[in-house]
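Q:
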Amino acid sequence: MRISGLKLYAIVFLIFLYAPIVLLPMFAFNNSTVVSFPLKGFTTQWFQNVWNDADLWQAVRNSLLVACTSSVLATSFAIFAARASTRYNFPGKGGLMGLIMLPMVLPDMIMAMALLVVLLGLGVQLSLVTVIMGHILICTPFAVAILSSAFQSLDKSLEEAAYDLGEGPISTFYLVILPLVTPGIISSLLISFTISLDEFVVSNFLGSKDKLLSVYIFGQLRFPKSVPTIMALGAVLVALSIVLLALAEYFRRRGIAKTGAKDTGGFL
Amino acid sequence: MSEPKPGRFWGSEAAAGLGLISPTAIYAILLLAAPLAFVIIASVLTDGYLQIIPKFQLCNYFGECASYKAGADGTLVETQKYLGAWSDPVLFSVMMRSLFVSILVTVATVALAYPMAYFISFNVAPARKGIWLFLITIPFWTSYVIRVFMWNAILGFSGVINSLLIGLNLIDKPLDMTFSIQAMVITLAHSFAPFAILPIYVALEKIDRSFLEAGQDLGENRFTTFLRVTLPLSMPGVVAAVLIVFIPTIGDYVTPKLVGGAKFPMIANVIEILMLKGDNKPLGSAIAVSAMVIVGLISVLFLFLNRRYLRGPK
Amino acid sequence: MTSETSNVAKPDMIEFKDVHKYYGDYHALRGITATIRAGEFFSLLGPSGCGKTTLLRTIAGFEGISSGVVLIDGKDAAKIPANQRPTNMVFQSYAIFPHLTVEENVGFGLRKDPRSKDDKAKAVAEALAMVGLAGYGKRAAHALSGGQRQRVALARALILKPKVLLLDEPLSALDKKMREQMQVELIRLQRQVGITFILVTHDQEEALVMSDRIAVMFEGQIAQLDDPETLYRRPKSRTVANFIGTMNFLPAKILSESGGKVDVESQGFGRLTLDAEAQVTGEPTATGASIGFRPETLTLLFDGQTAPDRESMATVDEVVYYGDMTYYDVRIDGTEQPMRLSMRNVFGRPVLDIGTRTRVGWSPGALVLFR
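Chains as they are written, first to last, in numbering that gives the first Met the number 0: chain A, 0 to 267; chain D, 0 to 313; chain E, 0 to 370.
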């Protein structure tokens, strides 16, 4: 294939997109306390620091707990919303769906502050629970987007066929609907998990002393001597994210292939 | 779903739909709509010490306000005076800076994203479009805070760009690029790139390729066909991209902190200070509401200006 | 559940009594009263939006009715939920479960069947053989062609031995060749199993080919319910006549009616006496009476041929050549509108050019008077 101007542009654009995450492993293995060029030499010291940092592991545990809970709850909420919006017409549908999808565009700072002021006003103690409450709000729109496309590709006559062949509403759900949307649900869980793990603003302002990983990282970036360790941590996180995303994409595509629908592209 | 009544198999559709969406909707109403409504209300109330005094006033937006503290006998004692969000020159300049940065970021992101979306839609073989989209989304999902921080390492004194330029003998002294508006724009444009590419890509994919052939058949060359056919037809995607970049950008918190070096606070940073350390929730709320109103008005205006592209079959 | 054998007494299988259906303000079914007999191949024919699919879905139980009664085999359908009705449906999209294999699809309705696993497997194999898909059981459903999906849907519905098989435009997604082949197979299958088939279609030819009786529907009402021949020969209204095949109309005036005879004066054909019982139809309209006739009842007369009955002079206005047939638009002397005429292209018969003067033969017995 000949390299057209447009393709060259696309490649430059990809370099721009990947520059920060490509540099991560370079600095992570760089034998210098300063994150700058030229590179000094190879070391695994920063990874050892990551391994030995007890605070970091506590943050990882907190983050995993929050991400698991948030992704399961957000996906559950999204199943209701996606099913309702793809299958039924009802008054107020546009407004309610708009509200549910709002966190996708609403600046997260405004959302976090609004929730924070109300929670403090009600005398609620900040904890991992309040963080989870916020993360659910943030993850749900993405989960709804993924699950809507999964439910959308379900032909209504498939359900009717199941009824016609003698099944009731519950058996129809687990014999026909669930098997067909399962890939969408898995993909939604993985994406929500990734978003929750990565989220900073809500985690920072709705969180307590129990820091999440993103908050811990943000705090450490203030100290220049911690930065190389964070680079090593970042490299690990990037690798993990790619694995999770590849899995999510695999399940999403399998779902589409299963229902025989056409692939309409990415997650969003 | 309840057991369907015989004869009326689907029951009342409205009831079924509302029933089904209610858990999610109630959650969103309680934890999203209600707090936002509270912020709007708080923005027209009076600031007290660690509390909000339910006394209506508009001076959090315009004019001069006062904070109060409950005195020994329960009466309110004025503690300090402050200017409203639109009257205080500092706050006003922060809002305008945020708006300016958002607009710059939006223009840069969408302008850079369009050729990329066009390339994937028109120049990539259908079987490989999926992998390209996947490549574009990966950076978006990976460790936001670190990704933003990395731009210091790229733009810094001994960062990638300066090292490269000095290595190539193009410059003698490193360029000062960090802690600037430009650095913030670059970082934010990078963060929102996938958000801009995807809607434009989807709009381009929807264009029936025979329209383009018709354009050329009717005597246009490839470039004029693009201007008169492709671009107008892809405008819904461009509009979506603009809104999806512009709205969240104005409230970004991390980039001004990490890349702006706290020299260029934006709305989110000011809200943080006022709401927490500054303990002036009504003023903080007024700024949050002002930000939402600015963003809302500009979005509506933008939609209005592009209304002719958004009409027709959905 | 035993299926009735044909030719014996045919009791009523489905009965509609003044059925109305509203969607909000929209009046989808406007007083349907009709009877479908056991063991017949019945078609609901009409343009899209006429309510034919809605009517079919009231039998299946997917659609409730606003008022009236639907009886299935003598029982009030309102009391039977969709999943317990003795009806099964072949969906327009076939609704083949994409996550199951062909045999899992066909055996889907047997889940609660008390028979042994082997017996069920045998039933599935038999059902597949019946629709010509023996050996396809292990295939993935989404790997099937349109025609094969159709057969799987048929097998899946028929394996439950329903009293009524409902077919919602089952052939509309197939290409012409495949459609014609499936029409013949469906007729054969219906004779073989002997149960009631109710077919929804917008294709008049399909309805004429396959049905014992046809209900023609317009705007939520049954315009005519008859066997195909009566429907074609003596449509009850101009709308039905126009929907089923082509009908030519000539303005006419009724001169007198007496003793079962009607005297009419029509453009082109002059004065005629028609049989009131067999040849007069329709309700009086504002536009006045007209004489109607099908294209094949008008014949071009070539040199040396004489009309079996009457003949008129005409001019060829338009020629449309179809291979086996040629359609002509001819203007009969004394008329204003061209009339459609069809001729079979037998060997040696020329195709006339536009503008040719020719004789056309016709017969008063083939005409129908619309009041």
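For each residue, glycine too, the CB sits at the ideal point set by N, CA and C.
Hey, which unbroken runs of the beta strand (DSSP E) at 3 residues or more fall wholly within the stretch 309–355 of chain E?
A: 309–320, 324–331, 338–343
Q: Measure the alpha-carbon distance for residue 49 (chain A) versus residue 215 (chain A) and round it to whole angstroms.
A: As a working mapping, residue 49 (chain A) is identified with position 50 in the first sequence. As a working mapping, residue 215 (chain A) is identified with position 216 in the first sequence. If I take the Cα positions, the gap works out to 12 angstroms.
Q: CB-CB under 7 angstroms to residue 33 (chain E), same chain, minus the five flanking residues each way: which ones, in chain order?
A: In the third sequence, counting from the first residue as 1, residue 33 (chain E) sits at position 34. Closer than 7 angstroms at the Cβ level, and outside the excluded window around residue 33 (chain E), lie 15, 214, 221, 224.
Q: Return the residues of the stretch 43–61 of chain E that lie within a Cβ-Cβ distance of less than 8 angstroms from chain A, sorted by chain order.
A: 59, 60, 61
Q: Residues in the stretch 149–163 of chain A with C-beta within 7 angstroms of chain B's C-beta atoms, listed in sequence order?
A: Checking the listed chains, one finds no chain B in this structure; the protein chains it contains are A, D and E.
Q: Report the rounded CA-to-CA distance for residue 113 (chain E) versus residue 169 (chain A), giving the unit in angstroms.
A: For the purposes of this step, residue 113 (chain E) is taken as the residue at position 114 of the third sequence. For the purposes of this step, residue 169 (chain A) is taken as the residue at position 170 of the first sequence. If you take the alpha carbons of residue 113 (chain E) and residue 169 (chain A), they lie about 20 angstroms apart.
Q: Tell me the residue span of the beta strand (DSSP E) that contains residue 264 (chain E).
A: For the purposes of this step, residue 264 (chain E) is taken as the residue at position 265 of the third sequence. Taken as a continuous stretch (DSSP letters only), the beta strand (DSSP E) holding residue 264 (chain E) covers 260–265.
Q: Suppose you measure from the CA of residue 146 (chain E) to the CA of residue 96 (chain A); what does that come to, to the nearest Å?
A: For the purposes of this step, residue 146 (chain E) is identified with residue 147 of the third sequence, where counting begins at 1. For the purposes of this step, residue 96 (chain A) is identified with residue 97 of the first sequence, where counting begins at 1. Roughly 40 angstroms separates the two Cα atoms.
Q: Do you know offhand how far residue 333 (chain E)'s Cα is from residue 221 (chain D)'s?
A: For the purposes of this step, residue 333 (chain E) is taken as residue 334 along the third sequence, with counting starting at 1. For the purposes of this step, residue 221 (chain D) is taken as residue 222 along the second sequence, with counting starting at 1. Taking the straight line from one Cα to the other gives about 59 angstroms.
Q: DSSP three-state label for residue 122 (chain E), please.
A: The sequence position of residue 122 (chain E) within the third sequence is 123, counting from 1. Residue 122 (chain E) falls in the helix class under three-state DSSP.
Q: For the beta strand (DSSP E) that residue 48 (chain D) lies in, which residues bound it at each end?
A: On the second sequence, position 49 is the one that residue 48 (chain D) refers to. Here residue 48 (chain D) belongs to no beta strand (DSSP E), and DSSP marks it neither H nor E.
Q: Whole angstroms is fine: what's the gap from residue 90 (chain E)'s alpha carbon to residue 16 (chain D)'s?
A: Walking along the third sequence from the start, residue 90 (chain E) turns up at place 91. Walking along the second sequence from the start, residue 16 (chain D) turns up at place 17. Rounded to the nearest angstrom, the two C-alpha atoms are 25 angstroms apart.
Q: I'd like to know whether the C-beta of residue 49 (chain A) is nearer than 8 angstroms to at least one C-beta of chain D.
A: Stepping through the first sequence from its first residue, residue 49 (chain A) is reached at position 50. Closer than 8 angstroms: no.
Q: Taking C-beta pairs closer than 9 angstroms, name the residues in chain A that residue 37 (chain D) reaches, listed in chain order.
A: Taking the first residue of the second sequence as position 1, residue 37 (chain D) is located at position 38. In chain order: 113, 116, 117, 120.
Q: How would you list, in chain order, the residues of chain E whose beta-carbon sits under 7 angstroms from the beta-carbon of residue 175 (chain A)?
A: Within the first sequence, numbered from 1, the residue matching residue 175 (chain A) stands at position 176. Chain E residues near residue 175 (chain A): 96.
Q: Could you name the residues of the same chain whose beta carbon sits closer than 7 angstroms to that of residue 261 (chain A), not counting the 5 residues immediately before and after it, in chain order?
A: Numbered from 1 along the first sequence, position 262 holds the residue referred to as residue 261 (chain A). Summary for residue 261 (chain A): the model assigns pLDDT 48, below 50, so the residue's position carries little reliability, and this model does not support an answer.
Q: With 8 angstroms as the threshold, decide whether the Cβ of residue 61 (chain D) is near any Cβ in chain A.
A: The residue given as residue 61 (chain D) occupies position 62 in the second sequence. It does not; no Cβ of chain A falls within 8 angstroms.
Q: Taking the alpha helix (DSSP H) that residue 317 (chain D) falls in, what are its first and last residues?
A: Summary: the structure shown does not reach residue 317 (chain D), with chain D confined to residues 0 through 313, and so no result is reported for it.
Q: Helix or strand or just coil, what does DSSP make of residue 306 (chain D)?
A: By one-based count along the second sequence, residue 306 (chain D) stands at place 307. DSSP places residue 306 (chain D) in helix when its eight states are reduced to three.
Q: Are the CB atoms of residue 102 (chain A) and residue 145 (chain A) nearer to each other than 8 angstroms?
A: Walking along the first sequence from the start, residue 102 (chain A) turns up at place 103. Walking along the first sequence from the start, residue 145 (chain A) turns up at place 146. Contact: no.
Q: Consult DSSP for residue 67 (chain A) and reduce its assignment to one of helix, strand or coil.
A: Taking the first residue of the first sequence as position 1, residue 67 (chain A) is located at position 68. Helix.
Q: Between the Cα of residue 334 (chain A) and those of A:195, A:112, A:185, A:244, spot the shortest distance and give me the residue it belongs to.
A: Residue 334 (chain A) lies beyond the range of chain A shown here (0 to 267); nothing can be said about it.
Q: Output needed in chain order: residues of the stretch 235–253 of chain A with a Cβ under 7 angstroms from some Cβ in chain D.
A: 236, 237, 240, 241, 244, 248
Q: Output the distance between the C-alpha atoms of residue 0 (chain A) and residue 123 (chain D), rounded to the nearest integer angstrom.
A: Indexing the first sequence from 1 puts residue 0 (chain A) at position 1. Indexing the second sequence from 1 puts residue 123 (chain D) at position 124. Because the pLDDT of residue 0 (chain A) is 46, which lies under 50, any placement of that residue in the model is unreliable, and the question is left without a value.
Q: Secondary structure at residue 56 (chain D), three-state DSSP: helix, strand or coil?
A: By one-based count along the second sequence, residue 56 (chain D) stands at place 57. Coil, per DSSP.
Q: With DSSP run on the structure shown, which of helix, strand or coil describes residue 49 (chain E)?
A: On the third sequence, position 50 is the one that residue 49 (chain E) refers to. In the structure shown, residue 49 (chain E) sits in coil (DSSP, three-state: anything other than H, G, I, E or B).
Q: Distance check for residue 140 (chain D) and residue 120 (chain D), CA to CA, integer angstroms please.
A: One-based indexing of the second sequence puts residue 120 (chain D) at position 121. One-based indexing of the second sequence puts residue 140 (chain D) at position 141. Taken atom to atom, the span from the alpha-carbon of residue 120 (chain D) to that of residue 140 (chain D) is near 22 angstroms.
Q: Buried or exposed: residue 56 (chain A), going by 16 or more other Cβ atoms within 10 Å of its Cβ?
A: The residue you call residue 56 (chain A) lines up with position 57 of the first sequence. The residue is exposed, with fewer than 16 neighbouring Cβ atoms inside 10 Å.
Q: CB-CB under 7 angstroms to residue 23 (chain A), same chain, minus the five flanking residues each way: which ones, in chain order?
A: Here residue 23 (chain A) refers to the residue found at position 24 when the first sequence is read from its first residue. 230, 233, 234, 237.
Q: Tell me the DSSP secondary structure of residue 176 (chain D) in three-state form.
A: In the second sequence, the residue the question calls residue 176 (chain D) occupies position 177. Look at residue 176 (chain D) here: in three-state DSSP terms it is coil, with no helix or strand label.
Q: Is it right to say residue 56 (chain E) is buried, meaning 16 or more other beta carbons lie within 10 angstroms of its own, or is it exposed?
A: On the third sequence, residue 56 (chain E) is found 57 positions in, with the first residue counted as 1. Buried.
Q: For residue 269 (chain D), which residues in the same chain have their Cβ closer than 7 angstroms to its Cβ, ignoring the five residues on either side in sequence?
A: As a position in the second sequence, residue 269 (chain D) is number 270, starting the count at 1. Here the set comprises 90, 93, 286.
Q: Could you tell me whether the Cβ atoms of residue 86 (chain A) and residue 150 (chain A) are closer together than 8 angstroms?
A: The count along the first sequence starts at 1 and reaches residue 86 (chain A) at position 87. The count along the first sequence starts at 1 and reaches residue 150 (chain A) at position 151. Yes, Cβ-Cβ distance for residue 86 (chain A) and residue 150 (chain A) is below 8 angstroms.
Q: What residue from A:32, A:38, A:88, A:7 has the CA that sits closest to residue 162 (chain D)'s CA?
A: On the second sequence, position 163 is the one that residue 162 (chain D) refers to. Comparing Cα-Cα distances from residue 162 (chain D) to each of A:32, A:38, A:88, A:7, the minimum goes to A:38.
Q: Considering Cα atoms alone, identify which of A:66, A:44, A:46, A:26 is closest to residue 213 (chain A).
A: Stepping through the first sequence from its first residue, residue 213 (chain A) is reached at position 214. Among A:66, A:44, A:46, A:26, the Cα nearest to that of residue 213 (chain A) belongs to A:66.
Q: Please state the DSSP three-state secondary structure of residue 106 (chain D).
A: One-based indexing of the second sequence puts residue 106 (chain D) at position 107. The answer is helix: DSSP assigns residue 106 (chain D) an H, G or I state.
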